[in-house]
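Quick notes on the structure that follows.
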């Protein structure tokens, strides 16, 4: 747990917080939880709190929060490279590219060798073009795509250029594959898993994802959300 945390009043001036986002929470849920606690504790009606880089609800791991004047630094934090660990499942696809939605198509996967997997991962390393999933927070006409997707509305999503600095497969026990990724901002790991499956004439979707670092900031330095909220108990 982080130590020497400042008194709550300093959050009005501006603080940067590292939080380990729990599974099942949206990034906005975490922001709301911290904002509500600070407003309650400090007796203020408004306090700026924002996050620097969305994590999907089923993902866990490092989320950078900024409060007060520190929210001006959000763009800087968002531009930092990201590090992830996760697991993908071969042989199926889902509309969300992860386990949030049910498998909608099944494919053969037993023919895929470890060497083929490694070669496919290598081919997805470097500067690549990827299409974000429909179930994403990208806004179209002011509304996140995932809201349209949940209504069955499918729109054409433009491809984006991203950099995959490292895509390492750390465990291969078909249909499960564990991996590590070091990538640029704007990368969708769900799309990376989906594209890996497609390149092998199969399918793939994420079953687990954890963000372990953002630039120099590591998950080992992060607060557990409940511990952070509990620590905000002394007003000054």
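In my numbering, the protein residues as written are 17 to 252. All residues carry an ideal CB built from backbone N, CA and C; glycine is no exception.
In chain order, what residues of the same chain lie with their CB nearer than 8 Å to the CB of residue 140, ignoring the 5 residues before and after it?
Excluding residues within five positions, the ones whose Cβ falls inside 8 Å are 180, 183, 208, 211, 212, 215.
Skipping 5 residues on each side, what residues in its chain have a beta carbon closer than 6 Å to that of residue 173?
Result list for residue 173: 147, 148, in chain order.
Just reading off the beta strand (DSSP E) that residue 178 is part of, what are its end residues?
From DSSP, the beta strand (DSSP E) with residue 178 extends over 176-189.
Using beta-carbon positions only, say whether residue 68 and residue 31 come within less than 9 Å of one another.
Taking 9 Å as the Cβ cut-off, residue 68 and residue 31 do not qualify as a contacting pair.
Just how far apart, CA to CA, sit residue 118 and residue 199?
Taking the straight line from one Cα to the other gives about 27 Å.
Could you give the distance in angstroms between the alpha-carbon of residue 78 and the alpha-carbon of residue 36?
Near 5 Å, if we compare the C-alpha coordinates of residue 36 and residue 78.
Are the CB atoms of residue 196 and residue 100 nearer to each other than 9 Å?
Yes. Within cutoff.
On the CB-based measure, 16 or more other CB atoms within 10 Å of its CB, does residue 107 come out buried or exposed?
Buried, by the Cβ-count rule.
Roughly how many angstroms separate the alpha carbons of residue 75 and residue 97, rounded to a whole number?
Using only the alpha carbons, I get a separation of about 17 Å.
Put residue 203 into one of helix, strand or coil per three-state DSSP.
If DSSP states are grouped into helix, strand and coil, residue 203 belongs with coil.
Decide if residue 193 is buried, meaning its Cβ has at least 16 other Cβ atoms within 10 Å, or exposed.
It is buried - the Cβ of residue 193 has at least 16 other Cβ atoms within 10 Å.
Take the Cβ of residue 26 as the centre, count every other Cβ of all protein chains shown within 10 Å, and call the residue buried at 16 or more, exposed below.
Exposed.
Helix or strand or just coil, what does DSSP make of residue 48?
Residue 48: helix per DSSP, three-state reduction.
To the nearest angstrom, report how far apart residue 63 and residue 189 are at their CA atoms.
Between residue 63 and residue 189, the C-alpha separation is close to 48 Å.
Give me the Cα-Cα distance between residue 105 and residue 242, rounded to the nearest whole angstrom.
Cα to Cα, residue 105 sits roughly 31 Å from residue 242.
Name the two residues that bound the continuous alpha helix (DSSP H) containing residue 237.
Counting along the chain, residue 237 falls outside any alpha helix (DSSP H), and DSSP gives it neither H nor E.
Anyone know if the C-beta pair for residue 185 and residue 133 falls short of 9 Å?
Result yes, Cβ atoms of residue 185 and residue 133 sit closer than 9 Å.
By DSSP's criteria, residue 195 is part of a beta bridge. Which residues make up the other side?
Looking at the DSSP assignment, residue 195 forms a beta bridge with 102, 185.
Assuming residue 109 and residue 91 form a contact by the criterion Cβ under 8 Å, report the distance between their Cβ atoms to the nearest whole angstrom.
Not a contact, Cβ separation roughly 34 Å.
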